[in-house]
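Residue numbers (the working numbering): -1 to 619.
A virtual CB, placed ideally from N, CA and C, is assigned to each residue, including glycine.
Reading through the structure tokens given below for one structure.
Structure (structure tokens):
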């Protein structure tokens, strides 16, 4: 073969190579399908949508989209092809995303044969990377997450900016997340999203578009980890996943309170003697109006007044005084918090005794003594109990137990567990108090007192025998008032907190008596079918005599009809974790109309009793 032929063959080879290269590039960039299956289970599969930058969970026949997740938070670009770096394993998908983050997805069996799960784990490859995954609300109604000031049901109707997903002090941060929070979201397509409990995240919600989980940008390179599970329908999904948020044995609180209407006695007094006279007068008036046996709730100020009735400072020996004996026949609850005013003798004594570390503190750079961290509680500069200090916890609980015994209270309410004192002042909290860990420790402390304890905020503790005090509401017809009660009931119960005390009839946020008769009656009708009936405005103050008679009738109806139902379905909660107060989709999981109903609910499955459905009919709301 001469040189001419050799040159021609070489040129032809180069041309063929060039054409093949062009073909491969065309196939990868132009002719590549818009979506690729990256994992397949037995009932569902995960698809990569390159144009929308999304992971799409679909049924295997692609007839139903279960959830769409816009992934990453990386520059907007069309990824030409997603190659599985774990190609030898058919149950795992691995990928390195643009040298910014590693993505690992593993297919895992669910708790039953009808459920399967995908564990998704993003790991940043260098610091200052923010990971963000957004879950579409298109054709999906979402539930769960956290309570908010004006509760909505479903979550699709909420708008919140991106902020740490922790329980906030709502008076300080009205746009924050409220008193009941779980890292669990339930979709109407039968999908659940459960975030790893110890991974810090931020949450944002854009109404009717999506909610987003976001990792903090920091030098710690925090991962974003969550589990997506799919079941036959929404009810099955919650039964299999949501009802098992806590693996610990569930315990009932003291259900005696269910039959006791709570009367809040917050009348201002400047001495224990005046407080005791006011209590006696109020108690006698309840008896005179035939409102039955009830529980009088004292706020923290009144509790402190009574605790100082014999001018003692705790802990001290038990004494019996004439003043305290006046309140012995009453059934009442006291209120305490982990805060102490810096003007109080209690705080000053702790400093004199070298117990500065009993309070949340900052370590001084110049000496070994910690400096208590100042914060504000009910308008006063205060310090907060250091719940990570064993000695401080024992000291505090000894004081609480002694006070409870000495006053003869039936219940004790703890408030002030919400909020992170360090984060609120832009101080990095110690590791043991990051996020909502303070609330978790405080809830465990409260539970050590028995099952007659009420707490104002809680997370990851639905197995504890505690009552939850709902967030104060406005005295109006809006979602921040009356209309927000049923969404809150459904939210609390869905997350496993069935034993709650709703805000008092008429709302207490305004801190004044209600005078609107119609609002009072509607509120009264609604709380009749809830665990506890609570009052701040006595009916004889608000309304005419016929409303007083109506109040007696509804209290009786609550005791005779509602309480036995709650006790009955509490057995299902104990055994299986099913909510006592259920949305209508619980019995009709394939009816899309039920997904957005926020003014009705069921107590258990007793649907034959139409009167346990509660409907707000006010047309001008």
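Boundaries of the beta strand (DSSP E) in which residue i is found, first to last residue
i: residue 144; result: 140 to 144
i: residue 205; result: No beta strand (DSSP E) holds residue 205; DSSP gives it neither H nor E.
i: residue 333; result: 330 to 334
i: residue 133; result: 130 to 134
i: residue 410; result: 409 to 412
i: residue 183; result: 178 to 185
i: residue 66; result: 63 to 68
i: residue 54; result: 52 to 57
Close Cβ partners of residue i (< 7 Å) along its chain, the five nearest in sequence each way excluded
i: residue 334; result: 298, 301, 398, 410 and 412
i: residue 407; result: 330, 331 and 332
i: residue 155; result: 205
Where residue i sits in the DSSP three-state scheme
i: residue 295; result: strand
i: residue 272; result: helix
i: residue 44; result: strand
i: residue 354; result: helix
i: residue 569; result: helix
i: residue 439; result: helix
i: residue 100; result: strand
i: residue 370; result: strand
i: residue 521; result: helix
i: residue 385; result: coil
i: residue 154; result: helix
i: residue 432; result: coil
i: residue 533; result: strand
i: residue 161; result: strand
C-beta contact flag for residue i and residue j at 8 Å
i: residue 142; j: residue 493; result: yes
i: residue 522; j: residue 470; result: no
i: residue 116; j: residue 37; result: yes
i: residue 99; j: residue 120; result: yes
i: residue 178; j: residue 466; result: yes
i: residue 303; j: residue 279; result: no
i: residue 584; j: residue 113; result: no
i: residue 197; j: residue 163; result: no
i: residue 601; j: residue 498; result: no
i: residue 581; j: residue 231; result: no
i: residue 362; j: residue 356; result: no
i: residue 109; j: residue 291; result: no
i: residue 500; j: residue 450; result: no
i: residue 530; j: residue 518; result: no
i: residue 419; j: residue 438; result: no
i: residue 34; j: residue 41; result: no
Cut-off 8 Å between Cβ atoms - residues of its own chain near residue i, not counting five sequence neighbours on either side
i: residue 157; result: 203, 204 and 205
i: residue 170; result: 417 and 422
i: residue 63; result: 54, 55, 56, 137 and 187
i: residue 293; result: 255, 258, 259, 260, 261, 329, 330, 331, 408 and 409
i: residue 168; result: 147, 174, 176, 177, 416 and 469
i: residue 442; result: 459 and 462
i: residue 484; result: 151, 524, 596, 597, 598, 599, 612 and 614
i: residue 446; result: 395
i: residue 159; result: 173 and 202
i: residue 246; result: 461
Exposed unless 16 or more other CB atoms sit within 10 angstroms - verdict on residue i
i: residue 487; result: buried
i: residue 132; result: buried
i: residue 314; result: Confidence in residue 314 is poor, its pLDDT being 30 and thus under 50, which makes the residue's placement unreliable; the coordinate value appears in the next sentence. Its Cβ having fewer than 16 others within 10 Å, residue 314 is exposed.
i: residue 172; result: exposed
i: residue 149; result: buried
i: residue 481; result: buried
i: residue 575; result: buried
i: residue 539; result: exposed
i: residue 599; result: buried
i: residue 122; result: buried
i: residue 125; result: exposed
i: residue 379; result: exposed
i: residue 382; result: buried
i: residue 226; result: buried
i: residue 282; result: exposed
Enclosing alpha helix (DSSP H) for residue i [first to last residue]
i: residue 395; result: 388 to 405
i: residue 547; result: 543 to 555
i: residue 477; result: Run containing residue 477: none; DSSP gives neither H nor E here.
i: residue 491; result: 483 to 492
i: residue 124; result: Per DSSP, residue 124 belongs to no alpha helix (DSSP H) and is neither H nor E.
i: residue 232; result: 232 to 238
i: residue 540; result: 537 to 540
i: residue 420; result: 419 to 422
Distance cut-off 7 Å: residue i Cβ against heavy atoms of the ligand GDP
i: residue 193; result: In the structure shown, the ligand GDP is absent, as is every other ligand, since no ligand is present at all.
Residues of its chain near residue i, where Cβ-Cβ distance is below 6 Å and the 5 sequence neighbours each way are ignored
i: residue 305; result: 401
i: residue 211; result: 131 and 199
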